[in-house]
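Chains G and U are the protein sequences, given in the same order.
When you read off a place in the first sequence, starting at 1, and then add 6, the result is the number in this note's numbering.
When you read off a place in the second sequence, starting at 1, and then add 6, the result is the number in this note's numbering.
Every residue, glycine too, gets a C-beta built ideally from N, C-alpha and C.
Report on one structure; see the data block that follows.
2 protein chains.
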Amino acid sequence: MRSYGQYCPVAKGAELLGDRWTLLIIRELLFGPVRFNEFERGLPGISRSVLASRLRRLERDGIIERLGDGEGYTFTQVGETLRPVVRTIGDWVATWVIEDPRPAELDPELLMLFISRHIDREELPTGKTVLCFEFAEETRRIWLTMERQDVSVCLEDPCLPVAVRVRAPVRELYRVYMGRTSLRDALDNGSVVLDGLPADRRRFEGWMKWSSFAPTVQAAAAR
Amino acid sequence: MRSYGQYCPVAKGAELLGDRWTLLIIRELLFGPVRFNEFERGLPGISRSVLASRLRRLERDGIIERLGDGEGYTFTQVGETLRPVVRTIGDWVATWVIEDPRPAELDPELLMLFISRHIDREELPTGKTVLCFEFAEETRRIWLTMERQDVSVCLEDPCLPVAVRVRAPVRELYRVYMGRTSLRDALDNGSVVLDGLPADRRRFEGWMKWSSFAPTVQAAAAR
DNA sequence: CTGTATCCTCAAGGATACTG
DNA sequence: CAGTATCCTTGAGGATACAG
């Protein structure tokens with residue numbers, strides 16, 4: 007991005023954060039170190055050259071740093087201070103502009119990645135717990151294998167016992183994720199269906215923390 | 007800007023605010039309604055077509071609205087809620103990344119516009135008060151004509167008595183404006199010189215509020 | 001796996017002229 | 001004054017191949 011040539015904090019902020027993809031790259035780093043190829047999961051559509059260029063610039067600007075040899079990228083101490091900035095922007099959108107997802111935004115894989123980052127690991131039993139998601143729009147299923155140490159998205163059947171099977175249209179699960187509707191309501195009206203032992207279905211609600219912006223979305227809706 | 011296709015508040019925020027010039031257009035509106043041609047003063051380098059395109063988009067997105075017939079643009083109620091967002095971004099820059107102005111950023115006209123927006127009008131006497139600024143780098147002078155109702159930048163001699171004449175290098179006045187140094191220190195070491203009656207020179211300090219980010223810059227420097 | 005290098009295309013955006 | 005229309009350029013960014 008060409009500089010604005012203005013000695014102004016707002017202009018500098020726009021230069022540092024305003025490039026296409028940059029804010030999303032920062033969002034990805036909010037959950038810990040990310041390796042080069044990992045970025046592409048959360049940033050569908052970004053090209054490798056743009057990603058490399060953005061990472062180089064963020065590194066040059068002292069916002070991120072490279073960990074040793076293929077360990078990926080993290081925030082520097084300055085980069086860490088961006089957390090409340092990203093939060094403020096997201097909260098503003100969550101309060102004033104967010105609507106239901108548009109058809110072009112109904113990416114189930116991305117949704118699963120989002121969800122996987124908001125599992126309350128403290129609530130998990132020891133060992134592996136597996137969830138299976140079935141979307142009304144497609145036959146493909148997606149699994150979540152969850153442990154205390156790590157939660158990951160599986161596009162192939164992990165061939166492990168499934169604790170809870172979740173069936174829903176992508177749109178409805180996005181709405182629950184974003185706090186546009188409560189899981190309870192979605193279950194009551196049947197747009198989301200859980201299968202599994204009653205005990206597991208009950209604990210399921212404790213595992214799922216949903217989007218960190220969901221409370222903001224709910225507060226705005228209550229207004 | 008092409009959409010990211012993500013149902014995510016951060017992504018939506020980047021779409022709404024991340025276009026080149028958009029954040030600066032919003033900054034301009036922070037001080038009240040702005041007419042089409044007025045934007046160009048605070049946005050040197052923007053092209054008319056880009057400005058028109060950005061304004062149309064911000065209007066479509068419900069952030070700004072057009073006042074009747076050549077009265078310019080203002081925030082909508084939603085647009086008003088962007089104030090703390092802009093503040094957060096600016097504060098982050100002011101705290102963590104701002105340095106002294108770079109040579110390419112030493113635009114005296116823009117500095118005078120910035121300063122004119124931060125005059126404490128309550129402190130002005132009734133009638134017109136005129137300041138004259140002389141920059142070490144150039145022979146051209148710039149005047150500030152100040153009244154309770156309005157403060158404006160004059161590039162031509164208003165031919166009125168000057169209360170205080172300010173002489174400084176552009177860089178030093180920018181540093182004072184941004185809180186990188188105090189006016190007191192700049193006067194003490196002679197980088198900024200005031201001419202005028204002692205009473206006016208004393209009151210001058212009360213008129214000048216400098217950048218709203220200056221306190222943040224000072225707080226960061228004290229750390 | 002972690003990038004870099006190259007090429008090529010398209011569209012954002014700058015300059016200018018023109019109109020209500 | 002407040003834009004719109006047109007033209008043209010440049011550089012951002014996508015695709016692909018390649019290298020450590």
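Exposed unless 16 or more other CB atoms sit within 10 angstroms - verdict on residue i
| i | result |
| --- | --- |
| G:E21 | buried |
| U:R47 | exposed |
| U:T28 | buried |
| G:F120 | buried |
| G:R108 | exposed |
| G:D6 | Outside the displayed span of chain G (7 to 229) sits residue 6 of chain G, for which this structure offers no information. |
| G:F219 | buried |
| U:P90 | exposed |
| G:T145 | exposed |
| G:S122 | buried |
Residue i in three-state terms, based on DSSP
| i | result |
| --- | --- |
| G:D201 | strand |
| G:A142 | coil |
| G:W149 | strand |
| G:A174 | strand |
| G:T28 | helix |
| U:E71 | strand |
| U:L112 | coil |
| U:T132 | coil |
| G:T94 | helix |
| U:Y79 | strand |
| U:T59 | Residue identity check: residue 59 of chain U is Ser in the sequence provided, not Thr. It is helical. |
| G:V159 | strand |
| U:V84 | helix |
| G:V40 | strand |
| U:I121 | helix |
| G:L179 | helix |
| U:L23 | helix |
| G:L137 | strand |
Cα-Cα separation, residue i to residue j
| i | j | result |
| --- | --- | --- |
| U:V103 | G:I69 | 10 Å |
| G:E129 | G:M214 | 9 Å |
| U:R33 | G:V84 | 24 Å |
| U:I125 | U:L35 | 17 Å |
| U:I52 | U:Y13 | 31 Å |
| U:L112 | U:M184 | 13 Å |
| U:L150 | G:D75 | 57 Å |
| G:L116 | G:G11 | 37 Å |
| U:R186 | G:R62 | 29 Å |
| U:K18 | G:L203 | 38 Å |
| U:V198 | U:T87 | 38 Å |
| G:W98 | U:I95 | 13 Å |
| G:V168 | G:L200 | 12 Å |
| U:A227 | U:V136 | 33 Å |
| U:W216 | U:S188 | 10 Å |
| G:D5 | G:R181 | Any property of residue 5 of chain G remains undetermined from this structure, which presents chain G solely from 7 to 229. |
| G:V159 | U:G38 | 49 Å |
| U:P221 | U:E143 | 28 Å |
| U:V170 | U:R127 | 16 Å |
| U:N43 | G:R93 | 34 Å |
| U:C138 | G:A225 | 51 Å |
| U:G212 | U:M118 | 17 Å |
Closer than 7 Å at the beta carbon, the chain U residues around residue i
| i | result |
| --- | --- |
| G:T87 | W98, W102 |
| G:I95 | V16, G19, V91 |
| G:Q12 | E111, L116 |
| G:L57 | None at all; the shortest Cβ gap to chain U is about 14 Å. |
Close beta carbons around residue i, own chain, < 6 Å, minus the five adjacent residues each side
| i | result |
| --- | --- |
| G:E140 | R147, R173 |
Cβ neighbours of residue i in the same chain (closer than 7 Å, five flanking residues each side left out)
| i | result |
| --- | --- |
| G:R72 | E65, Y79 |
| U:S55 | none |
| G:R60 | D25, W27, T28, I31 |
| G:T82 | G68, I69, I70, E71 |
| U:F210 | V170, L200 |
| U:E178 | A192, S197, V198 |
Proximal residues of chain G, C-beta to C-beta of residue i below 8 Å
| i | result |
| --- | --- |
| U:D201 | The premise fails here: U:D201 is roughly 25 Å from chain G at the closest Cβ pair, so nothing lies under 8 Å. |
| U:G51 | Y10, G11 |
| U:L22 | V99, V103 |
Neighbourhood of residue i by C-beta distance below 8 Å, restricted to the same chain and skipping five residues each side
| i | result |
| --- | --- |
| U:G133 | E153 |
| G:D163 | R147, W149 |
Chain-ordered neighbours of residue i on chain U, where CB pairs are closer than 8 Å
| i | result |
| --- | --- |
| G:F219 | P15 |
Chain G contact residues for residue i, given Cβ-Cβ distances below 9 Å
| i | result |
| --- | --- |
| U:P107 | Y13 |
| U:R127 | Simply none; closest approach about 22 Å. |
| U:R62 | Near U:R62 there are no residues of chain G at all, since even the closest Cβ is about 17 Å away, more than 9 Å. |
Cross-chain neighbours of residue i in chain U, by beta carbon under 9 Å
| i | result |
| --- | --- |
| G:Y180 | Y13 |
| G:V84 | W102, V103 |
| G:R54 | Per Cβ cutoff of 9 Å: no residues; G:R54 is ~17 Å from chain U at best. |
| G:L30 | Y10, Q12, C14, V16, A17, A20 |
| G:M184 | Y13, C14, P15 |
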